[in-house]
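Asks: Protein chains in written order, with numbering that gives the first Met the number 0: chain A, 0 to 183; chain B, 0 to 266. We treat Cβ as the ideally placed atom computed from N, Cα and C, and that holds for glycine. Okay, handing you the structure first.
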Amino acid sequence: MTLTPTPGQTVGPFFGYALPFPRDNELVAPDAPNAVRLHGRVLDGHGDPVPDAILELWQTDADGTVVQEQGSLRRDPATFTGFGRASTDDDGHYSFTTLTPGAPFFAVTVFARGLLNRLFTRAYLPGATDAFLDGLDPDRRSTLLTTTDKTGSMETGPMTGYRFDVHLQGERETVFLSYPRHEA
Amino acid sequence: MTAVASSDAAASSQADVTAEIETIAAAYADGVAGIETQPRLDYPPYRSSQLRHPTKAPQQADPEGVELWAPVFGERDLDGSEADLTAQHDGEPIGERIVVEGRVVDGAGRPVRHQLVEVWQANAAGRYIHQRDQHPAPLDPHFTGMGRCLTDADGVYRFTTIKPGPYPWRNHRNAWRPAHIHFSLFGTEFTQRMVTQMYFPGDPLFALDPIYQSVVDPAARARLVATYDHELTQPEWCTGYRWDIVLTGAHRTLMEADTHADAGVAR
Chain A
0 MTLTPTPGQT VGPFFGYALP FPRDNELVAP DAPNAVRLHG RVLDGHGDPV PDAILELWQT
60 DADGTVVQEQ GSLRRDPATF TGFGRASTDD DGHYSFTTLT PGAPFFAVTV FARGLLNRLF
120 TRAYLPGATD AFLDGLDPDR RSTLLTTTDK TGSMETGPMT GYRFDVHLQG ERETVFLSYP
180 RHEA
Chain B
0 MTAVASSDAA ASSQADVTAE IETIAAAYAD GVAGIETQPR LDYPPYRSSQ LRHPTKAPQQ
60 ADPEGVELWA PVFGERDLDG SEADLTAQHD GEPIGERIVV EGRVVDGAGR PVRHQLVEVW
120 QANAAGRYIH QRDQHPAPLD PHFTGMGRCL TDADGVYRFT TIKPGPYPWR NHRNAWRPAH
180 IHFSLFGTEF TQRMVTQMYF PGDPLFALDP IYQSVVDPAA RARLVATYDH ELTQPEWCTG
240 YRWDIVLTGA HRTLMEADTH ADAGVAR
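Written out as structure tokens, the structure reads:
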């Protein structure tokens with residue numbers, strides 16, 4: 000039996016009091032050992048910031064294990080759940096503090112006002128390579144690769160940053176993914 | 000004298016937008032392409048979609064690792080009271096009290112058990128508590144309009160709330176959204192993640208609304224509309240609506256059969 004999926008709809012403009020939750024973008028605390036930052040901007044077809052987007056991050060732990068633990072919505076510093084959310088600011092910027100996954104990529108989902116359905120993508124670690132990346136048009140492959148930068152603050156000290164911009168449209172449009180069962 | 004292009008002067012009328020919607024619908028009805036079950040990302044009548052839709056086809060990918068699993072939510076993440084949006088303040092919200100219940104299943108009809116469902120909505124006057132909502136309708140001090148629950152062992156969710164009002168927006172002049180409740184859903188794997196909107200039967204704004212109409216197939220669009228269900232209506236208390244949700248198919252069960260080692264290891 001294959002049922003037809005219910006259609007998606009835009010997240011709209013007013014998710015800001017509903018989807019965010021305390022420390023939603025801190026999969027680990029910024030001052031945790033081995034904390035890294037995954038951050039970037041969400042941009043539209045003119046290269047302008049998208050200030051009303053929300054991204055979801057889903058990733059393995061540092062060993063490459065898929066974590067199946069409760070507690071994402073009410074974080075406990077001892078539990079890494081692998082899931083988080085980050086809303087964009089007025090400059091289109093989002094930021095997560097997390098661990099470097101023991102897998103080649105972070106799974107990322109993008110929602111925004113004006114975007115009629117969610118988009119799936121992957122933020123690969125710098126220098127990653129796999130069959131999926133190798134199958135992409137070389138000009139577009141780079142849209143899925145994070146670049147390393149240094150971030151951090153007075154409180155946390157220097158922190159490794161992975162930069163990942165999401166271009167919804169335009170010359171540098173990010174590669175978005177569709178999975179086989181989306182067709183059914 | 001050249002008129003200053005204010006956003007109002009530049010705005011389309013409802014008649015313009017309705018004509019665009021009807022043209023797209025007619026082209027779809029005449030087309031030989033397959034059935035479209037999801038909204039179009041490129042849907043010009045929804046003005047904000049114009050610079051925010053990808054222009055390239057999505058890249059087909061076989062799900063790997065974390066994509067074959069979903070985050071786990073549970074009793075630790077929320078408490079039961081979050082499912083009753085009428086009981087989050089000291090007093091009762093104004094409006095028509097309703098219960099909304101339904102079942103979340105995957106593409107194979109299997110229930111999505113013990114998974115997170117989140118909802119948010121306007122109040123009975125059509126006003127969101129969000130600070131950017133400038134609609135001059137009253138806020139309700141007894142209504143936030145946000146709820147969460149977990150599905151039960153049969154995939155069933157249930158919220159008690161009040162019926163939201165329609166509200167104006169600035170897509171075009173005199174644009175109004177049909178009453179709706181936003182839903183956020185997780186499946187058993189991340190590829191099933193979905194955010195959508197539930198509508199109420201018989202809304203007179205359906206034909207005028209570019210977000211609802213962005214699902215160009217009439218049968219697909221109808222899947223967004225709840226059904227009034229007298230079995231859910233409670234005597235002397237509230238009316239009831241049923242809305243069942245189907246997520247896309249899961250890959251993991253298929254893949255476990257032949258490539259277990261590649262399907263990701265969960266602890």
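(1) At which residues does the beta strand (DSSP E) containing L26 of chain A begin and terminate?
(2) Counting only C-beta atoms, is E25 of chain A closer than 8 Å to chain B at any point?
(3) Tell me whether Q168 of chain A counts as near the ligand ATP, meaning its Cβ is closer than 7 Å to at least one heavy atom of that ligand.
(4) Spatial neighbours of Q114 of chain B within its chain, please: C-beta separation below 6 Å, excluding the five flanking residues on both sides.
(5) Reducing DSSP to helix, strand and coil, say where Y161 of chain A ends up.
(6) What does Q196 of chain B pair with, by DSSP beta-bridge criteria?
(7) What are the residues that DSSP puts in a beta bridge with H88 of chain B?
(8) What residues in its chain sit with their C-beta under 8 Å from that of G63 of chain A, if we drop five residues either side in the sequence?
(9) Nearest-angstrom Cα distance between L143 of chain A and L176 of chain A?
(10) Using only alpha-carbon positions, find the residue among B:P70, B:A86, B:E230 and B:L84 that is nearest to F79 of chain A.
(11) Thinking just about the alpha-carbon of each residue, which of A:D136, A:A28, A:A34 and A:G11 is nearest to the one in P50 of chain A?
(12) In the DSSP assignment, the alpha helix (DSSP H) including R220 of chain B goes from what residue to what residue?
(13) By the criterion of Cβ-Cβ separation under 9 Å, what are the contact partners of G79 of chain B in chain A?
(14) Determine the direct distance from the alpha carbon of G154 of chain B to that of C148 of chain B, and round the result to whole angstroms.
(15) With 7 Å as the C-beta to C-beta threshold (strictly closer), list the residues of the segment 116–140 of chain B near chain A in chain order.
(16) Under 8 Å Cβ to Cβ from W168 of chain B, same chain only, skipping five residues before and after it: list those, please.
(17) Using a Cβ-Cβ cut-off of 6 Å (strictly less than) and excluding sequence neighbours within five positions of S183 of chain B, which residues of its own chain qualify?
(18) List the whole-angstrom C-beta distance separating G101 of chain B from L246 of chain B, where the pair is believed to meet the contact cut-off of C-beta under 8 Å.
(19) For the segment 43–56 of chain B and the segment 164–180 of chain A, state whether three or more C-beta atom pairs, one from each stretch, are separated by less than 8 Å.
(20) State the Cα-Cα distance for the pair W236 of chain B and P76 of chain A, rounded to the nearest angstrom.
(21) Which residues mark the beginning and the end of the alpha helix (DSSP H) in which E19 of chain B is found?
(22) Between the segment 170–193 of chain B and chain A, which residues of the former have CB atoms less than 7 Å from a CB of the latter, in chain order?
(23) So what does DSSP say about T150 of chain A, is it helix, strand or coil?
(24) Beta-carbon separation of I53 of chain A and S94 of chain A under 8 Å?
(25) Near Q87 of chain B, which residues of its chain fall below 6 Å by C-beta distance, leaving aside the five closest residues on each side in sequence?
(26) Are H171 of chain B and S11 of chain B touching if we call contact CB-CB under 8 Å?
(27) By Cβ distance, which residues of its chain are closer than 8 Å to R84 of chain A, with the 5 residues on each side in sequence left out?
(28) To which residues of the same chain is A152 of chain B closer than 6 Å at the C-beta, ignoring the five residues directly before and after it?
(29) In chain B, which residues lie with their C-beta within 9 Å of the C-beta of L54 of chain A?
(30) Use the C-beta contact count for I128 of chain B: other C-beta atoms within 10 angstroms, 16 or more gives buried, fewer gives exposed.
Replies: On the basis of the coordinates in this document:
(1) Taken as a continuous stretch (DSSP letters only), L26 of chain A belongs to no beta strand (DSSP E), as it is neither H nor E.
(2) no
(3) Annotation note on the ligand ATP: not contained in the displayed structure, which lists no ligands.
(4) T150 and F185
(5) strand
(6) B:H181
(7) Note: H88 of chain B sits in no beta bridge, so no partner.
(8) P100, G101 and A102
(9) 11 Å
(10) B:P70
(11) A:G11
(12) DSSP places R220 of chain B in the uninterrupted alpha helix (DSSP H) bounded by P217 to A221.
(13) Chain A residues near G79 of chain B: none, gap ~14 Å exceeds 9 Å.
(14) 11 Å
(15) E117, W119, Y127, I128, H129, R131 and D132
(16) A174, W175 and R176
(17) E117 and V194
(18) In fact, because the Cβ distance is near 12 Å, the residues do not count as touching under 8 Å.
(19) yes
(20) 43 Å
(21) Where E19 of chain B is concerned, the enclosing alpha helix (DSSP H) starts and stops at Q13 to D29.
(22) H181, S183, F189, T190, R192 and M193
(23) strand
(24) no
(25) T143
(26) Yes; because the gap between Cβ atoms is below 8 Å, this pair is in contact.
(27) L18, P19, F20, D23, N24, I53, L54, E55 and L56
(28) R112
(29) Here the premise fails: no neighbours, minimum Cβ distance about 12 Å.
(30) buried
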